[in-house]
Structure formats: structure tokens, C-alpha cells
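For reference, the structure discussed in these notes is given below.
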Amino acid sequence: MSSSLRAPDPFSFEASDLAAHGLNVDEEKLVGTLITLLGSEGLKIYDTFTFTVPADARKIEPVLDKFTAHFEPSRSEVFERGLVKSCGYGNSVDSVLRDQVVLGVSDPLVREKLLYENDLKLDKACDIVRACESSKAQLSQFSAPVATDAAHAVRNFDRKSFKKPDPALIPHTSRLKAGSKSSVITTPHSSRRPVDLRPQRQSQTQHSNTADRIHAVDDESQWIGEVERGGTAMALPRSINDDYFVSHELRSSGGGSEWYQQVSIDGVAIDFKLDSGATCNILPCKSFSRLPSHRRRLRPGLTVRSYGAKDGLLRVLALHTAKVMHRGVMSVVDFVVVDEPGQPPLLGLPSCDHLNLIRRVDALQSTAAPPLPSIVTVFMDVFTGLGKLPVEHDIRLLSGTNHVDPIVCAASRLPFRLEDKVYKKLDEMVADGIITPVQEPTEWVSRMMVVGKPDRDVRICLDPSELNKAVQRQHFSVPTIEQLFSKLSKAKYFCSLDAASGFYQIPLSHAASYLCTMATPRGRYRYLRLPFGLKSAPEIYLQTMSELFGDLPGVFIYFDDFLVTGETQEELQNNLCLVFLRCRLHNLKLQLKKCRFFLQELPWLGHVIGQGSLKPDPNNISAILEMPDPSSPTYLIRLLGMITYFDKFCKNLADLTRPLRDLLKADAVWLWEEPQKVALEKLKYALSSLPVLHLYDHSIPCVLRAKSAVYWPGCDDQIRNMGASCPTCQAHRNRNPPQPLRPVQLPVHAFQRVSADIFMFGGVNYILFIDAYSKWPSCVPLRSMTSSSVITEAERIFSDFGTPEVVMSDNGSQFDCAEFRAFCVRRNIRSVTSSPTYAQSNGLVERHIQTVKKTILKMFADGRTLWEALAAIRSTPVSADILSPAVLMQGRHLRGNLPFLPSNLVPQFVPATFVCDQLQRRQAAACFQQGAHPDIRGSALIIGQHVRVFISGLWLPGAVQSVCSEPNSYIVRLTDGRVFRRTRRDINVDNSASAGFGVARPLALSRVLPTLTLPQQTPFFPTAVLPVAPLIPGVPTSTSATSLLPLSRPSTTPRAELTTDLQLPDQVIPSPPPAAVTPRPGSTRSGRPYLKPA
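As C-alpha cells, this is what we get:
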């Protein structure tokens, strides 16, 4: 059987029938077989392929095409023309000249650089050749390297002491996927060329204990150029090593220690060693364990070679991708997590270059300082010496009950290493006229305080901590930075000036000088100029500068910082000239090294201003981002203080800092754990991407300025939403605006619809009935405020004019009671109540109450009676087109005090259609003239929607229980269980974050809504049954909670339908409380008892 087996043909990608020959299986199995034959390295290469159609990843032909494109070398037209002769020349002359340039170059390094370029053109080839020749000429000018303590560079090795190694000495290195971009390193000679770096044995002449390690080449590499003239060992593109190499090459040229840099890794500050010889970043397992747990996401690692490790390889655990923060810039960097004792965290060359931690220095040159502006050279005397302003400051002490006894402080001892510097500084201050020795006794003596300066010099200050307790402060308003920035919107060019030792330019009076006596190891000195540290010194200095320079155009003063601005360079130069002239006049000296001139963007007061914009200073942001985690409340307060300075740039800063501020509470225990670390990380991330703000412009009108000041996209909507969703703001907001007028149904005959209300005048209660058709008023005094008294007067009026079909009233206890409802049922009257707190819905009677009150007021003043007042109203025409109520009701004028012709007292017929048309026209005119605009606050609500109801001056939260039959009227249950009926004007949608659609408890309508039972024999009201909507959508309501209400339709009304009204009192009986709540008795305003929760 074995004789029938045939060995497979050699595997080749060139085989045209690979997909079908010998493998009669499906496409997916063919791809799997191919990858299995290629091994693990082939699988890694396969994982890097990207297919246009995802399904092609399981088809053999597209996969073979990808492998072919991966392994076949790139095609070089110049190489093929010069050696293989296989490229067509065509008609292009430039390509022929390009080939002659490449083949004619004598320097192999330049020729190799030209061959590496893709799609090389003649112009680009010439540019490369010129650049190489120029750099070679510059390098030849340096005969020997210059050593300086201030220069640090990547350490080079002497290529003369090395030779091409024996290939047998090169250890075997494991391979990763071919073509991996992460495994190459760029050299100084070729910024984008992959170089194969291999370890090389050190020369025998080199010292044996040196720590330097270098990279060498194997048999696939070659020496390019002459070593003595800057040649290097480079590899052709076809030979690329895939290992990561770790080496330690970076050294200080001054013989100092190795270079370290602290950077933030996922919010954790870690000190990294800068390694220019490493092509990857190393993070030891110990450092990795410090990272936040939610950030520790690992994936399979790679092979890492280190010449100091066992077997030359590091023990790699995995790869970790982290967010690196350095100098305010966030980057995403890969780290190799290793388990090697003693291994320091390393940043390799690619990351060091990306983070701008190291820079290649080919030559050291002294950078010439930029020339000073001509106006500065003209006023150079302003920048020389120490000035003396034409003022004299006198220090006043507290007196009376606030008097403080003088204190004499002893001199503090100085460290030996500071004595010479301090004594030298004291002599300089005496020579400059800042201090002078004092021999006589003085009442006040303060200590001397020595402060170090960045240039290793010292600054001597007065420590007037005891004197400040007795100094009477001179108050002066210090402008805020917001006030200063708001005046810079139109400035385009800036100059920053700094006063030289600003406080020392203000002389002290003779008496104040003795108060500022300072004790030193060499004796006492008194200040002749205003010292630093005095409580009133900043305000005194700012007030003096404002008086001397505050009137100059384009000049802004903040203590010793002068900002000179201009919309053009010419304007800035004129303003700067005025400042220099004033400095010369008042003998104010400036410090030239801190002044900056004619800039379009300038750092000032911790911000960067320019072109009408404001942004935070990147240096300050970097200082915050690079701060370590606070170790005590003191450090946390300092950190939060720095962050709060930029609160205008960071939205939701209070929410971001709340976990940190909670640690500063009096009853809080200091625990810096994971929640605080996460909060600080989020805070630093927010500070790393702060927006740019627009400066405030005073010249723009307020409305336009407010509309244009958009600090971030969607700022206006976010502000409106935040204000609208605030629970406190919603509870205390103003009443809603009036809603558009809604026309009511017009009657077709007299006394069809009647409106009733009770009012008080002169200590007497009256009841008023108004006919909606004729506007006939019927008003009588009430004997009592009971419903029976109202019913008695109503029956008397109805007996004169007939029983109405509808009686409209408010929710007073006289109308909203069982007795009045029984009366209406007995007389076949439909009682409709207006929405509580919304008297406009019963506007007919409300308006006539005003008319009746004004009339009887005048009548009573003349000794007339109520009946004469009513007769006058009934005889007065309603309008120019509508006759008087007497004519509309009785068809004639009433004889009385008003004079009428006899012919007018004759009964006359007024058609009902004419009256209805006039009423409709009058109604339409009122809607047109007084109607409000539709508003979103008048939109319809649905059952279950969370709302806020206006109750007793507050908007209380609740949910819609049901929709009333009257327009814009709803039943709302509050969160405390109370139920109210309100019109849409008194209901707002709850915009709280927790609001939405809720389901309230089922309300027992049998206890809230009365069941209206109409006699079946009534001839006027055909009865229809309208079921009340269930209180909870989707939940069936019991029979007792679903009372049937009659829907009445007047048979004589052709214009519109009359809908029923759900008659509810202002406060109704809620459903029984839970068993855990003890109810207590209560009562409504009308005296009806009910149970309310305890």
C-alpha cells in the first residue's frame, strides 16, 4: 500500500492549481490547511490581512493573493533598468536622467538612499543628492567633538574599533511576524528606513567593564560609506529583524547619572529610564501592579531581547496599552510587561522621540538672541538700574482698642553655606539704597527671611508677621482676571512689561522706615523702600501704579505686570512709547529679561491670550497633570486650588472634584483609595482637553453678546436643560403665561346657559346670575353662606326666567356639595365647575361682578338701591351692535330712571340668529385682539406622565391621573397622595432627571367622583354613557372605581356639543393610605372632613 503513495509536490505559491490539485475540499478547509502548513508565523501574518469583503478571509484565492503580495519584494524601476534591463523606457526623458543620476552617484550611502525611495522622480533625486552633499560638507568642518556640561546626547561608539563579526558568533534569535513595523528603528541617516540591529562582540581594545552595548549587523548587512567619514552599518530592506531589543545607551555627557523622566501612566506617576538603545517600552510587573485595576488589560506579548538577561531574553508576561500624559499631551503607548527582578521601567527610542524627551543634536551652536525692537533701544535707560517713584508711603498702625504692643524679634541663625551669599546680598541692598544699617533702638524689629532663587542666588525679605497684626490696611479694589480679560477682546498685538523689583521702587517715610527694621546676624537694618511681605504692600503698589499709569490707552496693570495692547502694530508701538515716556518721567525701571514685545499670543496671568480668545497656559496644565497623588489634606487643598483656577474652562468641575472634596470634610478620614484615584484620573483627563473661550466684548450689545458667547458646542441648550431639570428651580418658578383664549359655546336662546358666583360688597354677600345670551344680571343678597340659601335664591330667579340647561360656577362649597348637585339633578340642570385657581374659565360672571360692584358703589353713594343699579345695567346696551339685556330678554326697554321715547317701550322682536351672529363676531374679535401665542407649556398631557402642579405658590411633583372632559383640565395625584384638578396653565411637565412616565396608585373614583344619575323621563337630555378612563394604563379598574358619567347633548343646540365636567373640589379625599401610615383627620376649606397621612 505504501508503494501507491506519492510524495506531495514542493509547496509553491506560484502553483496555479493549488486550490484544486489534490485538495478536493471546501474553501474554508483549504485556508485552514494552508495556515496549518505555514505554522504559527503564518498565522500571525494572516491576522494582519485586511479584506475588502469579510467573506474573502475564508476563500483560498484572496488569501493566496494576500500572501503573495506580502512576500514578493517591492519593484524598483531604476534597479531593473540598470541591471535586469526589463523595464520599458517609453518616451519619458526625466526617467532616463533620473537613472543616470542614481547610477552615477559615487557615494554608496547616497545611492542606497535614492534606491530606497518609492516612485522616485528627477526633482526629488536632485534634492536628495544636494542635501547629502551639503550635510557632508557641514560635518567635515567639525574636526573634533566639543565637550560641554550642558549638552546631553546619545552616546556614539568608535566604529574604527569594530569589524564585521563572524556570523557564527551571532546568537540565534527567534522571529516574529515578518514586516512588523513595531520591530524596526530609524537611524539618523534614514528617517524612515528599517534597520536590522544585532548584538556585536566588543573589541579587545575596549575596557572590559564598560556598560555600553551596541548593535551590529549579520551576514545580510553591509557597511555603507566609509567608516572614517561617517559611514554606518545598515541593512537592505529585505533583511528586517523582528525582535525588540533592549539596551541602555543614554548617558549624560557631563559624567552624571542616567536620565530619568516621570510620566503619568493611566493616572499613576512612574519614573522611567530613558533608553535610546531600546526599541520598545518596558514596564516591570511591580510597576504594572500600581495601575488602576480597571485599566489593566493585557494581551499576548512578544519576544524581547536584552543582553543582560538570562539566555538573552526577558520573561515577558503580556502587552499593555496605556494612556501616557506628559506636558499636557496625552498619547497611547504600548508597554511590554516583564517579570524581571531589578528591571527598571524603560522608555525606548520611539516613545522618547514621540514624547519629545530626547532630541538628536548634530551640532552645538550658540543661538543668537533676537534683536531688540528699535523703540526699546531708544528707551534703554528705562531698563537700567533701580527706580524711585515720586511718592512716599507712610505705614499707619492700629490705635485705640485695636492697639497692638510692639514686638522685637531676635535674629535667626544662618546655615554656614548661606552666610557668604546673605552677607553679599545685604551689601548690595545697602549700595542700592534699599536698606540701611540702624544703631539706635527701635520699637519694632522683625526677622529676616532668606528665600532661594532658581539661579542659586538668594532673596532677602522681611518677615513682618508680627508687624502685620498692627498695620492698618489701606484698602484698594484689586481687579479680577475676568475684569481684565473682558477688556482685551479687540486687542491683536501684545507687549508684556515687568517692573524691576517693583516694591523696592516705592520709598518709605522716615517713621515707616523704622517700623520696618530687620534683625540679621550682622545687626539691624531698616528698609528705605517698601518691603515684600507687608500686609498692605500689594494694594499700595497697585494703587500707585494705577494712579501713575492707569490713564494710558491700551495699558492694563496687575501689580508689577504691565500689559500693553493694540489692534495694530502701529497702535501698539504708540501705546508702548507712551508707557516708556511715563516710566522715564516717574523714574520707574523695568526688567528687560522678563519683557516680551510685539506678540500676537502672549501668556499672561496663567492664561494665554490672543486673537480674541482665552485658553489656559499649557505649562500650568502640565504642572497639574504631572503632580503626584496627594498624600495629605494639605497637598489635596493645594491641588484643588490650582484646578479651581481653571474652572471657567472645565464644565461639571464640581461633579469631578466631589470625591476629592469629600476627603476634606471635618468628619472625613483620610483614605486615598481606588475611588479617589479614579476621580483624579478623570479630572486630569478633563484638564488635558480644555476648550478655548472667547473674550468678552463690551462694544457688542448685550443681547448679541449673550448670543455669540457660546463657550462650547450646545452650550445654550445644556444651560437651558440644566436649569429646566433643577428640582429647586422647578418648585419655585413663576406662573405660566396666559394661554390663548378658547371660545366657549354660545347659547341660542335666553337663559340656556347661566353663570353664577358669590361676591361680597360692603360686608354683605351677594349671589349673581348672568345669562350668557342676553347678559341679564340677577343679583340678590344672601341671608347666609350655605348651599340651601343659594338654592332658595336660585329657585326664585329660575321661576321668573325659566330653568337653565347649564349652570357654570366655581368650586365654592355652596356649589360643590351634594345638596346643590341634588338640586341640579332634580331641576334637570347640568352643573359645570371651572378649574380651581383658574377664574378665567368662568370669565362671564367674573367680569360682570366688576360691573355690578362699580355700579352699586355709585348708586349707594347717591342713596339709590340695588334694584335701581340692576335696572340701569339691564337697560344699558351690551355694545354698539348688541342691544341691552332688557331688549334681548323681554323684547322691550324697561321704564325707569333712564328716559326712553314711548315708541321704544313698545315690545320689539329681535331674531335669535342676529344675536348669535353678533355674539360670535364679538367673541372672534376678543380672541384676535387678546389671544396669547401658543406655547409648548400648553401641550396636551397623557395619563401617567410626571408633572408639577401649582399648589399654594409651589410647583409640587405628581402624576396625571385622568383627563377631564373640559378643555385643558386634568386630574393630578401628588406624591403625597393628594388629588387636585387643575387647568393646563397650572401644570408643567417635570423635567427632573428621575422624571418620566410613572404609574400612580389606583384612585377609588367612587370616593372622589360623584355618580350623576339623570331621570330617564327627561325630554331635554338624551343620555349617553361615558366610561371614565382607567387611572393606570393597561390595568383594569374595578367596577366601583369606574363610575359611569352621563354625557348630555342639548337637543336644541346645533353649533357644538356640551361635554360633562368631572366635578372635584380643590382638595379631595385621597385613597386610603398604607397600613404603615397612621391617618389623621383633616378638613377642607369648606369644612368637609377627610383623612390625610400623618
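Position one of the sequence shown corresponds to residue 19 (the working numbering), numbered consecutively onward.
A virtual CB, placed ideally from N, CA and C, is assigned to each residue, including glycine.
Only a predicted model underlies this, so the values are computations on that prediction, with no experimental measurement involved.
Which runs of the beta strand (DSSP E), 3 residues or longer, sit entirely within the stretch 392-422? As far as the stretch 392-422 is concerned, it has no whole beta strand (DSSP E) run of at least 3 residues.
Under the three-state DSSP convention, the category V843 falls into: Three-state result, V843: helix.
Look up S270 in the DSSP assignment and say whether it is helix, strand or coil. Its pLDDT being 45, under 50, S270 is placed unreliably by the model, and the measurement read from it follows with that caveat. If DSSP states are grouped into helix, strand and coil, S270 belongs with coil.
Taking only three categories from DSSP, how would you classify K341? In the structure shown, K341 sits in a strand (DSSP, three-state: E or B).
Range covered by the alpha helix (DSSP H) that runs through F878: Where F878 is concerned, the enclosing alpha helix (DSSP H) starts and stops at 861-879.
Look at S773 and L906 and say whether their C-beta atoms are less than 9 Å apart. Taking 9 Å as the Cβ cut-off, S773 and L906 do not qualify as a contacting pair.
Using a Cβ-Cβ cutoff of less than 8 Å, which residues in the same chain neighbour P925 once the five nearest sequence positions on both sides are dropped? In its chain, beyond the 5 residues on either side, Q908, G909, R910 have a beta carbon closer than 8 Å to the beta carbon of P925.
Out of G319, V582, K607, point me to the one whose CA is closest to L596's CA. Out of G319, V582, K607, V582 has the C-alpha closest to the C-alpha of L596.
Per DSSP, the bridge partner or partners of M778: Per DSSP, the beta-bridge partners of M778 are N783.
Buried or exposed for E619, going by 16 or more other Cβ atoms inside 10 Å? Around the C-beta of E619, fewer than 16 other C-beta atoms lie within 10 Å, and the residue is accordingly described as exposed.
Could you tell me if F927 is buried or exposed, where buried requires 16 or more neighbouring beta carbons within 10 angstroms of its beta carbon? Counting Cβ neighbours within 10 Å, F927 comes out exposed, since fewer than 16 surround it.
Q736 to S58, Cα distance in whole Å? In this structure, the CA atom of Q736 is about 54 Å from the CA atom of S58.
In its own chain, which residues sit with a C-beta less than 6 Å from the C-beta of Q280, not counting the 5 before and 5 after it? Taken in chain order, the residues that qualify are A287, D289.
Closer than 6 Å by C-beta to Y856: which residues in its own chain qualify, once you throw out the five before and the five after it? Chain order, please. So the qualifying residues of the chain are T1001.
Thinking A143 and V120 are a contact (beta carbons under 8 Å), I'd like their distance in whole angstroms, please. Distance from A143 to V120 at the Cβ level is roughly 6 Å; contact confirmed, criterion being Cβ atoms closer than 8 Å.
Given a cut-off of 9 Å, decide if T538 and M466 are closer than it, judged by their beta-carbon atoms. With contacts defined by Cβ atoms closer than 9 Å, M466 and T538 form a contacting pair.
At the level of alpha carbons, what is the spacing between P765 and A898? So the alpha carbons of these two residues sit roughly 20 Å apart.
Simplified DSSP assignment, three categories, for P388: The answer is coil: DSSP assigns P388 none of H, G, I, E or B.
Where does the unbroken alpha helix (DSSP H) through G122 begin, and where does it stop? G122: member of the alpha helix (DSSP H) spanning 111-122, first to last residue.
Residue range of the alpha helix (DSSP H) that L681 falls in? That residue, L681, is in no alpha helix (DSSP H); it is neither H nor E in DSSP.
In terms of residues, what are the limits of the beta strand (DSSP E) holding N1006? Element bounds for N1006: 1005-1007.
With DSSP collapsed to three states, give me the class of I11. Nothing can be reported for residue 11, as the shown portion of the chain is limited to 19 through 1112.
Thinking M536 and L480 are a contact (beta carbons under 8 Å), I'd like their distance in whole angstroms, please. Rounded, the Cβ-Cβ distance is 5 Å, consistent with contact.
Spatially closest choice to A340 from Q361, P359, C370, F306, by CA coordinates: It is F306.
What do you get for I874, buried or exposed, if any count of 16 or more other CB atoms within 10 angstroms of its CB means buried? It is buried - the Cβ of I874 has at least 16 other Cβ atoms within 10 Å.
For the alpha helix (DSSP H) containing T1001, name the first residue and the last one. That residue, T1001, is in no alpha helix (DSSP H); its beta strand (DSSP E) goes 997-1001.
DSSP on I300, reduced to helix/strand/coil? Three-state DSSP puts I300 in a strand.
Do you know how far the Cα of A742 is from the Cα of Q748? Straight-line spacing of the CA atoms in Q748 and A742 works out to 7 Å.
For N752, count neighbouring C-beta atoms within 10 Å of its own C-beta (all shown protein chains included) and say buried if the count is 16 or more, exposed if not. So N752 ends up on the exposed side.
From what residue to what residue does the beta strand (DSSP E) around R614 run? Unbroken beta strand (DSSP E) run through R614: 614-617.
For E79, is the classification buried or exposed, using 16 other Cβ atoms within 10 angstroms of its Cβ as the cut-off for buried? By the neighbour-count rule (16 or more Cβ atoms within 10 Å), E79 is not buried but exposed.
Reducing DSSP to helix, strand and coil, say where R378 ends up. Residue state, collapsed to three classes: coil.
Express the C-alpha separation of L292 and R738 in angstroms, rounding to a whole number. A direct Cα-to-Cα measurement between R738 and L292 gives close to 50 Å.
Check whether L632 and S519 have beta carbons under 9 Å apart: Result no, Cβ atoms of L632 and S519 do not sit closer than 9 Å.
Residue range of the beta strand (DSSP E) that includes C479: First-last of the beta strand (DSSP E) with C479: 476-481.
Report yes or no: do the stretch 509-516 and the stretch 610-625 share at least 3 C-beta pairs separated by less than 8 Å? With contact defined as three or more Cβ pairs closer than 8 Å, the stretch 509-516 and the stretch 610-625 are in contact.
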